[in-house]
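Heads up: the protein sequence lines correspond to chains A and B, in order.
Just so we're aligned, residue 1 is where the first sequence starts under full-length UniProt numbering, counting upward by one.
Just so we're aligned, residue 1 is where the second sequence starts under full-length UniProt numbering, counting upward by one.
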Amino acid sequence: MVTLGRYFIFLGTLFRDRERTSVYLRLILDECVSIGVNSVFIVAIVSSFIGAVTCVQTAYNLDNPFVPRNIIAFIVRDSTILEFAPTISSIVLAGKVGSSIAGQLGTMRVTEQIDALEVMGINSSSYLVLPKVLGAMLMFPLLTMMAAFLGILGGYLAGVLVGVISHEDFISGLRFDYNPFGIKFALIKTEVFAFLIATISAYQGFNVSGGALEVGNASTNAVTASCISIIVADFVLTQLLLA
Amino acid sequence: MIEIKNIQKKFGDRQVLAGIDGCFQPGETSLIIGGSGTGKSVLLKCMIGLVQPDLGEVLYDGRNFLTADDDTRKAIRREMGVLFQGSALFDSKSVFDNVRFPLDMLTTMTEEEKVERAHASLQRVGLENAEQRMPSEISGGMKKRVGIARAIVMNPKYLFCDEPNSGLDPLTSIKIDQLIKEITDEYKITTVVITHDMNSMMEIGEKIMFLYEGNKLWEGNSDTLAHSDVDRLNEFIYANKLLREMEGK
Chain A
1 MVTLGRYFIF
11 LGTLFRDRER
21 TSVYLRLILD
31 ECVSIGVNSV
41 FIVAIVSSFI
51 GAVTCVQTAY
61 NLDNPFVPRN
71 IIAFIVRDST
81 ILEFAPTISS
91 IVLAGKVGSS
101 IAGQLGTMRV
111 TEQIDALEVM
121 GINSSSYLVL
131 PKVLGAMLMF
141 PLLTMMAAFL
151 GILGGYLAGV
161 LVGVISHEDF
171 ISGLRFDYNP
181 FGIKFALIKT
191 EVFAFLIATI
201 SAYQGFNVSG
211 GALEVGNAST
221 NAVTASCISI
231 IVADFVLTQL
241 LLA
Chain B
1 MIEIKNIQKK
11 FGDRQVLAGI
21 DGCFQPGETS
31 LIIGGSGTGK
41 SVLLKCMIGL
51 VQPDLGEVLY
61 DGRNFLTADD
71 DTRKAIRREM
81 GVLFQGSALF
91 DSKSVFDNVR
101 FPLDMLTTMT
111 EEEKVERAHA
121 SLQRVGLENA
131 EQRMPSEISG
141 GMKKRVGIAR
151 AIVMNPKYLF
161 CDEPNSGLDP
171 LTSIKIDQLI
181 KEITDEYKIT
191 TVVITHDMNS
201 MMEIGEKIMF
211 LYEGNKLWEG
221 NSDTLAHSDV
231 DRLNEFIYAN
241 KLLREMEGK
C-alpha cells in the first residue's frame, strides 16, 4: 500500500511545475522514436508468428466437418484484435520499453544526473518522465494496429500456405459478424497499458538508490510489475467494456 | 553569504548531523572536511535542497531556503552552481550541450547569446576544443571541468563542489582546485567545497570546517590547520605517513 501511495504521489509530480511546451515537443519526438520506431521490428515478428500459430492451432482443433472452415479466420481475427495485438504486444513492450525506461532513469539517479536537474530548479520527474509517458501513449496504439494487421496477415499466410484454409474461406471468416467496437476496445486497452508501463517503469527507475545492482533490480521489477498490471487491467477493462 | 544554523539530520536512529552552524562569505573558498561517513555530503545536500534537514536554517543572503515559497526556492536554486562528485554530466548530450543546457531551460536568451555564453564558460575552464565530444569520450579531469563550466554558465552567486578531486591524479587535482579558487575570486562567488584531500586544504582552504560524526569539531583556515589541538583533526590530517614524518609526529 505504501508503494502504491508513493506511485500516485509520483504521478502527481509529473504534472506540477512543467517546463515550456516547446521543450516537451522535442523530447516527445525523441521518445516516439525510442519507444515506437525502435520497437517496430520486435512487435512485427511477435505478432506475425502469433497470428500464424493461432491459425494453424485453431485449424488443428476444429476437425469437426460440421464446423465451417471460415470460423478459423473468424477466431484469428477476434483473438488478434481483442487480445493478442493489444495485450501480447504490450507485454513484449513492457520487456523492451519498460526495462529501458527503468534502466535509463535508474542510471541517471545513481550518477546524480537527476540531482543535477533538481538543483537547477527543474522538475526532474516532469522533464524526464512526462515525455516518455506521452511518447508511449502516442506510439503504442500505432504499434497495436500494426500488430493486429500483421497478426491477421500472418494467420492468412500460414493458413493458406500450410493448406488448412482456403483464401476464400479466410476472407469470408474475416468479414463474418464483424463488430467495429473491437478496434476501439483494443485501442482503449493499449492506451491504459502504455500509461501503466511507462509510469510504473519510470517510478521504479526514478526511485533507485545504490549502484549498478540496484539499477538492474529496478529494471527487473519494472518488467514484472508492468506485466502484472497489464494482466489485471486487461481483466478489469474486459469486464467493464465487453461484459 | 550563506549561513547555516543548527542543521540536524537523522536517518532512522542514526544522527548524521547534530546541529551544524556556519557562515560562508562571498569571494571566499570554504572547505568542509572530514573522514568518510561524517556527514559532509549530507550537509551539502541539506544546503542545496536535495535533502530536507530535520531541524535548522539555511540562509542565502538572508533568505531562508528551507521555509521559502516555491518561487523563492526556484530563484535561489537558479543562483546556485553545483559540481557533483561524479560530475553528473548528461550522457546523451555533448560537452557543449551539457554546458548550454541550463541556459536553454532557465533563460530567455537568444540563440547567439546562449552560444556565446556557453563558449565563454568552456573557454574559462580550458575546454574550447572539446565542445563536440560526448561525456563518455573525455577523461575524469575533463568531466570535472565540464561540470564546473556548467555550474558557472548561469553566473551563480553560490558554488558548491562535492569532492571535486575524487578519482583524479594529484596534478589534475591541483589544477581543478586552482580553477575553483580563480573562479571564486574572479566572480566573487560564495564557494563551498566538500573534500578530504590534503592538497586542497592547504592550497585553497581560506576557511575550513572539520566534521566528525555529525559534529563540527573545528573551524579555521589552512594556516591554522596544522597547529590545532583537536585530536580527531590531527588524526585525520596526519593519517598520511609522509605528513607525519614531515611534522615529526
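For glycine and all other residues, C-beta sits at the position ideal for the given N, C-alpha and C.
Can you tell me whether residue i is buried or exposed? The criterion is at least 16 other CB atoms within 10 Å of its CB, across all chains shown.
i: Pro-180 of chain A; result: exposed
i: Lys-40 of chain B; result: buried
i: Glu-31 of chain A; result: buried
i: Asn-155 of chain B; result: exposed
i: Met-47 of chain B; result: buried
i: Pro-65 of chain A; result: exposed
i: Asp-231 of chain B; result: exposed
i: Tyr-178 of chain A; result: exposed
i: Gln-104 of chain A; result: buried
i: Asp-177 of chain B; result: buried
i: Gln-113 of chain A; result: buried
i: Ile-9 of chain A; result: exposed
Going by alpha carbons, who is nearest to residue i out of the options?
i: Val-92 of chain A; options: A:Tyr-60, A:Phe-140 and A:Thr-199; result: A:Phe-140
i: Glu-206 of chain B; options: B:Glu-213, B:Leu-66 and B:Ile-32; result: B:Ile-32
i: Leu-4 of chain A; options: A:Gln-204, A:Ala-59 and A:Pro-65; result: A:Gln-204
i: Gly-214 of chain B; options: B:Ile-208, B:Gln-15, B:Glu-3 and B:Glu-57; result: B:Gln-15
i: Leu-161 of chain A; options: A:Val-37, A:Val-53, A:Ser-100 and A:Ala-194; result: A:Val-53
i: Arg-175 of chain A; options: A:Phe-8, A:Leu-27, A:Asp-78 and A:Arg-26; result: A:Asp-78
Go to residue i, then tell me how far its alpha helix (DSSP H) extends in each direction, as first and last residue.
i: Val-232 of chain A; result: 212 to 242
i: Val-192 of chain B; result: No alpha helix (DSSP H) holds Val-192 of chain B; the beta strand (DSSP E) holding it covers 190 to 195.
i: Glu-219 of chain B; result: Element bounds for Glu-219 of chain B: not the alpha helix (DSSP H) but the beta strand (DSSP E), 215 to 220.
i: Ile-180 of chain B; result: 170 to 187
i: Met-198 of chain B; result: 198 to 204
i: Val-162 of chain A; result: 124 to 162
i: Leu-122 of chain B; result: 111 to 124
Between which two residues does the beta strand (DSSP E) harbouring residue i extend?
i: Glu-3 of chain B; result: 2 to 11
i: Met-209 of chain B; result: 207 to 212
i: Gly-22 of chain B; result: 14 to 24
i: Ser-30 of chain B; result: 29 to 33
i: Glu-57 of chain B; result: 55 to 60
i: residue 303 of chain B; result: Because chain B is modelled from 1 through 249, residue 303 of chain B falls outside the range shown and cannot be assessed.
i: Leu-62 of chain A; result: From DSSP, Leu-62 of chain A is part of no beta strand (DSSP E); its letter is neither H nor E.
Between residue i and residue j, which are expected to be in contact by the criterion C-beta below 8 Å, what is the C-beta distance as a whole number of angstroms?
i: Ile-50 of chain A; j: Gly-151 of chain A; result: 6 Å
i: Phe-84 of chain B; j: Gly-147 of chain B; result: 7 Å
i: Met-134 of chain B; j: Ser-94 of chain B; result: 6 Å
i: Ala-118 of chain B; j: Arg-100 of chain B; result: 4 Å
i: Ala-218 of chain A; j: Ala-102 of chain A; result: 5 Å
i: Gly-121 of chain A; j: Lys-74 of chain B; result: 5 Å
i: Gly-159 of chain A; j: Val-56 of chain A; result: 7 Å
i: Leu-168 of chain B; j: Thr-191 of chain B; result: Not a contact, Cβ separation roughly 18 Å.
i: Leu-143 of chain A; j: Tyr-24 of chain A; result: About 21 Å separates the two Cβ atoms, so there is no contact after all.
Beta carbon of residue i: closer than 7 Å to some heavy atom of the ligand MG?
i: Trp-218 of chain B; result: Inclusion of the ligand MG in the displayed structure is not the case, the ligand content being empty and no account of it being possible.
Okay, do the segment 16 to 24 of chain A and the segment 205 to 225 of chain A touch, 3+ Cβ pairs below 8 Å being the bar? No contact exists between the segment 16 to 24 of chain A and the segment 205 to 225 of chain A.
In chain order, what residues of the segment 171 to 204 of chain A put their CB closer than 7 Å to some CB of chain D? In the displayed structure, chain D is absent; the protein chains listed are A and B.
Whether or not the segment 69 to 82 of chain A and the segment 105 to 125 of chain A are in contact is what I'm after, with contact meaning three or more pairs of Cβ atoms, one per stretch, closer than 8 Å; do they touch? Too few Cβ pairs lie closer than 8 Å, so no.
If you pair each beta-carbon of the segment 80 to 87 of chain A with each one of the segment 173 to 190 of chain A, do three or more pairs fall below 8 Å? Verdict: yes, contact present.
Can you confirm whether the segment 33 to 40 of chain A touches the segment 130 to 145 of chain A when touching is taken to mean that 3 or more C-beta pairs between the two stretches lie within less than 8 Å? Yes: at least three Cβ pairs fall under 8 Å.
Would you call the segment 222 to 229 of chain A in contact with the segment 20 to 38 of chain B, where contact means no fewer than 3 C-beta pairs closer than 8 Å? Note that the segment 222 to 229 of chain A does not touch the segment 20 to 38 of chain B; fewer than 3 beta-carbon pairs, one per stretch, sit closer than 8 Å.
Can we say the segment 50 to 63 of chain B touches the segment 7 to 23 of chain B, given the rule of at least three CB pairs closer than 8 Å? Cβ pair count under 8 Å is three or more, so yes.
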